[in-house]
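Top line first, the protein sequences correspond to chains A and B.
Read the first sequence against the numbering used here and you will find it ends at 294, with the numbers running on by one and no gaps.
Read the second sequence against the numbering used here and you will find it ends at 185, with the numbers running on by one and no gaps.
Take a look at the structure set out below.
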Amino acid sequence: MSDQDDRLQALFQDAAGTPPESGFSYGDVTRASQRITRRRRVALAGAAAVVVALGGTGVVVAAMRDQGTSTSAASAPAAAPENNSPLMGRSDAAGAASAPLGPSNAECVVKHDPQLRTLVEQVLPEIIGATDAAITLECEPGGGRQVNVEVADAGVSGLLNVTYEPQGRPPRSVAGAISAPTASGGTVTVSSEAVGPGAAPFAAKLPAVLAYLAPRL
Amino acid sequence: MDDVSEQEFAEYFRARRDTVRRTAYLLCGDWHRADDHAQASFVALHRHWSRIREPGARDAWMRRTLTRAVVDESRRPWRRERFTADPIRDECVAAAAEGVATRHVLVDGLRSVPPRQRAVLVLRYLEGLDIAGTAAALGCSEGTVKSQTSHGLAALRLALGDALDDLAEGVA
Numbered sequence: 078m079s080d081q082d083d084r085l086q087a088l089f090q091d092a093a094g095t096p097p098e099s100g101f102s103y104g105d106v107t108r109a110s111q112r113i114t115r116r117r118r119v120a121l122a123g124a125a126a127v128v129v130a131l132g133g134t135g136v137v138v139a140a141m142r143d144q145g146t147s148t149s150a151a152s153a154p155a156a157a158p159e160n161n162s163p164l165m166g167r168s169d170a171a172g173a174a175s176a177p178l179g180p181s182n183a184e185c186v187v188k189h190d191p192q193l194r195t196l197v198e199q200v201l202p203e204i205i206g207a208t209d210a211a212i213t214l215e216c217e218p219g220g221g222r223q224v225n226v227e228v229a230d231a232g233v234s235g236l237l238n239v240t241y242e243p244q245g246r247p248p249r250s251v252a253g254a255i256s257a258p259t260a261s262g263g264t265v266t267v268s269s270e271a272v273g274p275g276a277a278p279f280a281a282k283l284p285a286v287l288a289y290l291a292p293r294l
Numbered sequence: 014m015d016d017v018s019e020q021e022f023a024e025y026f027r028a029r030r031d032t033v034r035r036t037a038y039l040l041c042g043d044w045h046r047a048d049d050h051a052q053a054s055f056v057a058l059h060r061h062w063s064r065i066r067e068p069g070a071r072d073a074w075m076r077r078t079l080t081r082a083v084v085d086e087s088r089r090p091w092r093r094e095r096f097t098a099d100p101i102r103d104e105c106v107a108a109a110a111e112g113v114a115t116r117h118v119l120v121d122g123l124r125s126v127p128p129r130q131r132a133v134l135v136l137r138y139l140e141g142l143d144i145a146g147t148a149a150a151l152g153c154s155e156g157t158v159k160s161q162t163s164h165g166l167a168a169l170r171l172a173l174g175d176a177l178d179d180l181a182e183g184v185a
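Next up, the structure:
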């Protein structure tokens with residue numbers, strides 16, 4: 078590389094300078110990624126549903142064509158595959174039989190766990206887009222998961238914490254927190270703390286959050 | 014994405030975020046848009062993470078995604094940039110004598126370089142890529158990179174006048 082190239086490199090490096098504070102965080106990136114993935118899945122499921130519906134209609138039409146214009150009970154078996162479509166069976170089963178999330182494989186407890194956050198957002202959509210709360214950076218082993226977010230409810234700001242501890246790990250002890258055993262044998266703990274005067278944000282909804290999370294963790 | 018991959022991505026994000034932001038800034042000349050482009054590129058990388066195993070390939074993938082996004086955006090009518098052969102403002106030229114102002118002079122000058130030529134200059138002189146690496150990042154031939162470098166530097170010199178002595182001489 079020539080001297081001229083070296084000088085240009087130095088100039089460009091200097092021009093870029095030290096960046097100002099970033100406008101986005103790791104949590105912003107993972108949440109945006111998961112939103113896109115969810116939207117794609119919904120779109121794919123919708124497309125699959127259309128295909129299945131069209132296929133079912135085709136079966137019905139074909140059956141009617143084979144049997145003339147009669148709409149007697151004989152057409153019912155032809156329509157049966159539509160009602161038993163794999164898509165519908167899968168969606169019915171998804172809520173009841175999906176495997177619990179369970180422990181994390183990460184070396185340290187993930188304190189802004191995107192998968193746990195997705196579950197919390199499903200039951201408490203008010204936190205969608207909420208800022209990740211400040212956390213300590215020490216490595217806590219054990220396969221736990223956490224969500225720590227800054228929240229606001231009825232004009233009161235606060236911090237919401239959801240902690241999952243795997244089987245054999247002591248549940249997190251926080252004043253005012255509520256806990257429940259999870260489907261994977263661990264413990265989920267939910268707490269909310271107001272920053273300043275006022276009731277803790279979403280305090281009335283925490284039991285519902287806990288009830289939703291326990292069978293999914 | 015499983016937990017191990019998520020942890021790997023988090024580490025990559027922490028290590029590379031500011032580098033990617035700086036590249037985006039020189040590509041578009043505005044920190045807010047730079048953050049938008051950098052975030053969108055990281056989101057895309059997160060979605061493709063499990064398919065890009067090699068660490069070197071991840072950097073190349075990010076460069077390609079980022080530069081294409083900025084160049085594509087500059088082609089949209091509502092974002093189309095104004096190209097000018099006029100030297101930048103006299104007061105800015107005078108300020109170039111001050112070290113602190115140098116970065117603003119260069120960034121302003123870069124904004125008047127056509128986007129694709131600007132991308133070549135940023136990849137070569139900020140990221141330090143050679144001609145082959147720049148060609149791979151932009152998906153073009155090495156000959157194109159050489160000619161774009163030459164044209165880009167000429168455009169930059171024209172925009173800056175004699176504001177920056179380092180650019181006064183021609184560069185092969």
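Cβ coordinates follow ideal geometry from the N, Cα and C atoms, glycine included.
Considering only their Cβ atoms, is the gap separating residue j from residue i smaller than 8 angstroms?
{"i": "Leu287 of chain A", "j": "Ala257 of chain A", "result": "yes"}
{"i": "Ser181 of chain A", "j": "Arg222 of chain A", "result": "yes"}
{"i": "Ser268 of chain A", "j": "Asn238 of chain A", "result": "yes"}
{"i": "His59 of chain B", "j": "Thr107 of chain A", "result": "yes"}
{"i": "Thr369 of chain A", "j": "Thr208 of chain A", "result": "Past the edges of chain A, shown from 78 to 294, lies residue 369 of chain A, and the structure says nothing about it."}
{"i": "Gly123 of chain A", "j": "His45 of chain B", "result": "no"}
{"i": "Pro278 of chain A", "j": "Arg34 of chain B", "result": "no"}
{"i": "Val272 of chain A", "j": "Leu236 of chain A", "result": "yes"}
{"i": "Thr36 of chain B", "j": "Leu151 of chain B", "result": "no"}
{"i": "Val135 of chain B", "j": "Val158 of chain B", "result": "no"}
{"i": "Ala57 of chain B", "j": "Thr78 of chain B", "result": "yes"}
{"i": "Val118 of chain B", "j": "Gly42 of chain B", "result": "no"}
{"i": "Lys282 of chain A", "j": "Leu193 of chain A", "result": "no"}
{"i": "Glu210 of chain A", "j": "Glu227 of chain A", "result": "Here residue 210 of chain A is Ala; the residue named in the question, Glu, does not match the sequence. Yes; because the gap between Cβ atoms is below 8 angstroms, this pair is in contact."}
{"i": "Leu139 of chain B", "j": "Phe89 of chain A", "result": "yes"}
{"i": "Ala92 of chain A", "j": "Val17 of chain B", "result": "no"}
{"i": "Gly219 of chain A", "j": "Gln244 of chain A", "result": "no"}
By DSSP, does residue i sit in helix, in strand, or in coil?
{"i": "Ala222 of chain A", "result": "Here residue 222 of chain A turns out to be Arg, not Ala, going by the sequence shown. Note: Arg222 of chain A maps to strand in three-state DSSP."}
{"i": "Asp31 of chain B", "result": "helix"}
{"i": "Glu24 of chain B", "result": "helix"}
{"i": "Pro128 of chain B", "result": "helix"}
{"i": "Asp15 of chain B", "result": "coil"}
{"i": "Asp169 of chain A", "result": "Because the pLDDT of Asp169 of chain A is 35, which lies under 50, any placement of that residue in the model is unreliable, and the number read from its coordinates should be weighed accordingly. Three-state DSSP puts Asp169 of chain A in a helix."}
{"i": "Asp121 of chain B", "result": "helix"}
{"i": "Asp209 of chain A", "result": "strand"}
{"i": "Glu270 of chain A", "result": "strand"}
{"i": "Ala231 of chain A", "result": "coil"}
{"i": "Val239 of chain A", "result": "strand"}
{"i": "Pro258 of chain A", "result": "strand"}
{"i": "Val265 of chain A", "result": "strand"}
{"i": "Val251 of chain A", "result": "coil"}
{"i": "Val83 of chain B", "result": "helix"}
{"i": "Val186 of chain A", "result": "coil"}
{"i": "Phe279 of chain A", "result": "coil"}
{"i": "Asp80 of chain A", "result": "helix"}
{"i": "Gly174 of chain B", "result": "coil"}
{"i": "Pro68 of chain B", "result": "helix"}
{"i": "Gly245 of chain A", "result": "coil"}
{"i": "Leu142 of chain B", "result": "coil"}
{"i": "Gly94 of chain A", "result": "coil"}
{"i": "Ala120 of chain A", "result": "helix"}
{"i": "Leu178 of chain A", "result": "coil"}
Relative to the C-alpha of residue i, which candidate in the options has its C-alpha closest?
{"i": "Gly146 of chain B", "options": "B:Ala47, B:Phe26, B:Trp74 and B:Ile65", "result": "B:Trp74"}
{"i": "Pro284 of chain A", "options": "A:Pro274, A:Gln90, A:Ala254 and A:Ala122", "result": "A:Ala254"}
{"i": "Val126 of chain B", "options": "B:Ser87, B:Ala82, B:Arg60 and B:Arg46", "result": "B:Ser87"}
{"i": "Asp15 of chain B", "options": "A:Val119, A:Ile212, A:Val187 and A:Thr266", "result": "A:Val187"}
{"i": "Gly122 of chain B", "options": "B:Val56, B:Ala168, B:Thr78 and B:Glu21", "result": "B:Ala168"}
{"i": "Pro248 of chain A", "options": "A:Thr264, A:Thr259, A:Gly235 and A:Leu236", "result": "A:Thr264"}
{"i": "Thr206 of chain A", "options": "A:Pro218, A:Pro191, A:Pro177 and A:Ala125", "result": "According to the sequence provided, residue 206 of chain A is Gly. The question's Thr does not apply to it. Nearest C-alpha to Gly206 of chain A: A:Pro191."}
{"i": "Thr259 of chain A", "options": "A:Gly232, A:Ser234, A:Leu290 and A:Ala229", "result": "A:Leu290"}
{"i": "Ala53 of chain B", "options": "A:Gln111, A:Ala120, A:Val228 and A:Leu121", "result": "A:Gln111"}
{"i": "Glu2 of chain B", "options": "B:Gly69, B:Arg170 and B:Phe55", "result": "No answer is possible for residue 2 of chain B: the residues shown for chain B start at 14 and end at 185."}
{"i": "Leu178 of chain A", "options": "A:Glu242, A:Ala109 and A:Leu121", "result": "A:Glu242"}
{"i": "Gln161 of chain B", "options": "B:Ile65, B:Pro128 and B:Glu21", "result": "B:Pro128"}
{"i": "Arg124 of chain B", "options": "B:Arg170, B:Glu155, B:Arg71 and B:Gly141", "result": "B:Arg170"}
{"i": "Asp72 of chain B", "options": "B:Tyr138, B:Leu40, B:Arg29 and B:Asp49", "result": "B:Arg29"}
{"i": "Val84 of chain B", "options": "B:Leu40, B:Ala172 and B:Glu21", "result": "B:Leu40"}
{"i": "Ala231 of chain A", "options": "A:Pro274, A:Gly262 and A:Ala92", "result": "A:Pro274"}
{"i": "Pro292 of chain A", "options": "A:Arg115, A:Gly104, A:Ser175 and A:Leu131", "result": "A:Ser175"}
{"i": "Ile212 of chain A", "options": "A:Asp80, A:Gly219, A:Asp82 and A:Gly104", "result": "A:Gly104"}
Residues of the stretch 33–52 of chain B with Cβ closer than 9 angstroms to any Cβ of chain A, in chain order:
Arg34, Arg35, Thr36, Tyr38, Leu39, Trp44, His45, Ala47, Asp48, Asp49, Ala51 and Gln52
Could you list the residues in the stretch 97–124 of chain A with a C-beta less than 8 angstroms from some C-beta on chain B, going in chain order?
Pro97, Ser99, Gly100, Phe101, Tyr103, Asp105, Val106, Thr107, Ala109, Ser110, Ile113 and Thr114
Cβ-based contacts, 8 angstroms cut-off: residues of the stretch 204–229 of chain A near chain B
none
Against chain E: residues of the stretch 174–188 of chain A by CB proximity under 9 angstroms:
Checking the listed chains, one finds no chain E in this structure; the protein chains it contains are A and B.
Write down every uninterrupted run of the alpha helix (DSSP H) in the stretch 34–64 of chain B whose length is 4 residues or greater and which is fully enclosed by it, in chain order.
44–61
To be precise: take each residue of the stretch 48–80 of chain B, compare its Cβ to all Cβ atoms of chain A, and keep it if any distance is under 7 angstroms. Which residues remain?
Asp48, Gln52, Phe55, Val56, His59 and Arg60
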